[in-house]
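Undergrad: Numbering (the numbering used here), first residue to last: 149 to 408.
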């Protein structure tokens, strides 16, 4: 998540969801950090001679019919695989929305300031041709994706326009957890901050939540080789349609925001 001292690791089993029609389709979905193993569906462009830290994998598993309570390991079906240049900022929460589609949170790829090896110029989270730093939305029952293992909803915001078709919303640092309001269906997300500001966002389709141009409602300066920092004035061009959080706090009040 970030903001932890000592030895720790942000990789592992980070997400779990059950099929929304579980009675008829007793399927589980996992999001795991795994050693790099073959080409990813969403590769990272790295400096020559370097390798990704790991890959994030979404997989489907079926419960054993005989027990109805245990997963049959032989039924594992890989859904998608994403290169991760660094070990941190993996996001990982998965939830099926009221629309029956699977939403998955992805961090910006790791390191700091969303810059460096494996990060687009201007940051992965601001690059809609890069899947990292976003919430993605897929249909696990379809098979029309490029890899033939899921489908992209036709009304995803970047379908038929420039950008990764799977992206639902973007501009996120490490969206560790989110949930859907049971009454309204609103997607409420906790986006862990970097050095100073923690934020809670109401996620809407196609919207840009600011990182790394902003941290919370403040502007952000990646500061090149130095440590990035928040500021009250923009350090460069800032899109007019960035969405500020509905709540934020700084590290005098607490550390990583991780609630759903």
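All C-beta atoms, glycine included, are put in the ideal place defined by N, C-alpha and C. This structure is a prediction, so every number in the text was calculated from the model and none was measured.
(1) Between residue 177 and residue 206, which are expected to be in contact by the criterion C-beta below 8 Å, what is the C-beta distance as a whole number of angstroms?
(2) Answer yes or no: do residue 328 and residue 224 have a C-beta to C-beta separation smaller than 8 Å?
(3) With H, G and I counted as helix, E and B as strand and the rest as coil, what does DSSP make of residue 274?
(4) With the cut-off set at 8 Å, would you say residue 318 and residue 353 are in Cβ contact?
(5) How far does the beta strand (DSSP E) with residue 322 in it reach, from first residue to last?
(6) Hey, quick one: how far does the beta strand (DSSP E) through residue 221 stretch, first residue to last?
(7) On the three-state DSSP scale, how would you describe residue 163?
(8) Would you check if the stretch 183 to 196 and the stretch 154 to 170 touch, i.e. whether three or more CB-CB distances between them fall below 8 Å?
(9) Please identify the residue among 311, 302, 406 whose C-alpha is closest to the C-alpha of residue 275.
(10) Would you call the CB atoms of residue 339 and residue 360 closer than 8 Å?
(11) I'd like to know whether the C-beta atoms of residue 404 and residue 347 end up nearer to each other than 8 Å.
(12) Using CA atoms only, rank isn't needed, just tell me which of 303, 212, 182, 173 is closest to residue 226.
(13) Ordered along the chain, which non-local residues of its own chain (more than five positions away) have a Cβ less than 6 Å from that of residue 297?
(14) Throw me the rounded Cβ distance for the residue 211 and residue 204 pair, which I believe falls under 8 Å.
(15) Whose C-beta lies closer than 8 Å to the C-beta of residue 277 among residues of the same chain, with five residues either side of it excluded?
(16) Suppose you measure from the CA of residue 373 to the CA of residue 262; what does that come to, to the nearest Å?
(17) When the distance is taken between beta carbons, is residue 255 closer than 8 Å to residue 237?
(18) Hey, how far is the Cα of residue 245 from the Cα of residue 287?
(19) Look up residue 170 in the DSSP assignment and say whether it is helix, strand or coil.
(20) Thinking C-alpha only, which one of 221, 349, 379, 397 is nearest residue 391?
(21) Measure how close the beta-carbons of residue 272 and residue 231 come, nearest whole angstrom, since I'm counting them as under 8 Å.
(22) Beta strand (DSSP E) containing residue 102: first to last residue?
(23) Output the distance between the C-alpha atoms of residue 365 and residue 184, rounded to the nearest integer angstrom.
(24) When the Cα atoms are used, what is the spatial distance from residue 413 to residue 240?
(25) Looking only at its own chain, which residues have a Cβ that is under 6 Å from the Cβ of residue 179, when we skip the five neighbours before and after it?
(26) Just list the residues that DSSP pairs residue 282 with in beta bridges.
(27) Report yes if the C-beta distance between residue 326 and residue 406 is below 8 Å; otherwise report no.
TA: For this structure:
(1) Counting from 1 along the chain shown, the entry for residue 177 is found at position 29. Counting from 1 along the chain shown, the entry for residue 206 is found at position 58. Confirmed, about 6 Å.
(2) To locate residue 328, count along the chain shown from 1; it is residue 180. To locate residue 224, count along the chain shown from 1; it is residue 76. No. Outside cutoff.
(3) Here residue 274 refers to the residue found at position 126 when the chain shown is read from its first residue. Of the three classes helix, strand and coil, the one that applies to residue 274 here is helix, per DSSP.
(4) Within the chain shown, the letter at position 170 stands for residue 318. Within the chain shown, the letter at position 205 stands for residue 353. No. Outside cutoff.
(5) Translated into positions along the chain shown, residue 322 becomes position 174. 322 to 328 is the extent of the beta strand (DSSP E) around residue 322.
(6) Here residue 221 refers to the residue found at position 73 when the chain shown is read from its first residue. 219 to 232 is the extent of the beta strand (DSSP E) around residue 221.
(7) To locate residue 163, count along the chain shown from 1; it is residue 15. Reduced to three states, the DSSP call for residue 163 is strand.
(8) no
(9) Translated into positions along the chain shown, residue 275 becomes position 127. Closest option to residue 275, Cα to Cα, is 311.
(10) As a working mapping, residue 339 is identified with position 191 in the chain shown. As a working mapping, residue 360 is identified with position 212 in the chain shown. Result no, Cβ atoms of residue 339 and residue 360 do not sit closer than 8 Å.
(11) Along the chain shown, one-based indexing puts residue 404 at 256. Along the chain shown, one-based indexing puts residue 347 at 199. Contact flag unset, no.
(12) Taking the first residue of the chain shown as 1, we reach residue 226 at position 78. Comparing Cα positions, the closest option is 182.
(13) For the purposes of this step, residue 297 is identified with residue 149 of the chain shown, where counting begins at 1. If we look at residue 297 and ignore the five residues flanking it on each side, its Cβ neighbours are 227.
(14) Working through the chain shown from its first residue, we reach residue 211 at position 63. Working through the chain shown from its first residue, we reach residue 204 at position 56. Not quite, the Cβ-Cβ distance comes to about 24 Å (not below 8 Å), so this is no contact.
(15) Counting from 1 along the chain shown, the entry for residue 277 is found at position 129. Excluding positions up to five away in sequence, the list reads 268, 310, 311, 312.
(16) Position 225 of the chain shown, counting from 1, holds the residue named residue 373. Position 114 of the chain shown, counting from 1, holds the residue named residue 262. Cα to Cα, residue 373 sits roughly 12 Å from residue 262.
(17) Here residue 237 refers to the residue found at position 89 when the chain shown is read from its first residue. Here residue 255 refers to the residue found at position 107 when the chain shown is read from its first residue. Cβ atoms of residue 237 and residue 255: closer than 8 Å.
(18) The residue labelled residue 245 in the question sits at position 97 within the chain shown. The residue labelled residue 287 in the question sits at position 139 within the chain shown. Spanning the two alpha carbons is a distance of roughly 11 Å.
(19) Residue numbering aside, residue 170 sits at position 22 when the chain shown is read from its first letter. Note: residue 170 maps to coil in three-state DSSP.
(20) Here residue 391 refers to the residue found at position 243 of the chain shown. It is 349 whose Cα lies nearest to the Cα of residue 391.
(21) As a position in the chain shown, residue 272 is number 124, starting the count at 1. As a position in the chain shown, residue 231 is number 83, starting the count at 1. At roughly 11 Å, the Cβ-Cβ gap does not stay under 8 Å, so residue 272 and residue 231 are not in contact.
(22) This structure does not reach residue 102, given that the chain is present from 149 up to 408, and the question cannot be answered.
(23) Your numbering for residue 365 matches position 217 in the chain shown. Your numbering for residue 184 matches position 36 in the chain shown. Distance between the alpha carbons of residue 365 and residue 184: 36 Å.
(24) Lying outside 149 to 408, the shown extent of the chain, residue 413 is not represented and no answer is given.
(25) Walking along the chain shown from the start, residue 179 turns up at place 31. Contacts found: 162, 163, 206, 240, 242.
(26) Within the chain shown, numbered from 1, the residue matching residue 282 stands at position 134. According to DSSP, residue 282 bridges with 254, 318.
(27) Counting from one through the chain shown, the residue named residue 326 turns up at place 178. Counting from one through the chain shown, the residue named residue 406 turns up at place 258. No, the pair does not count as a contact, with Cβ atoms beyond the cut-off.
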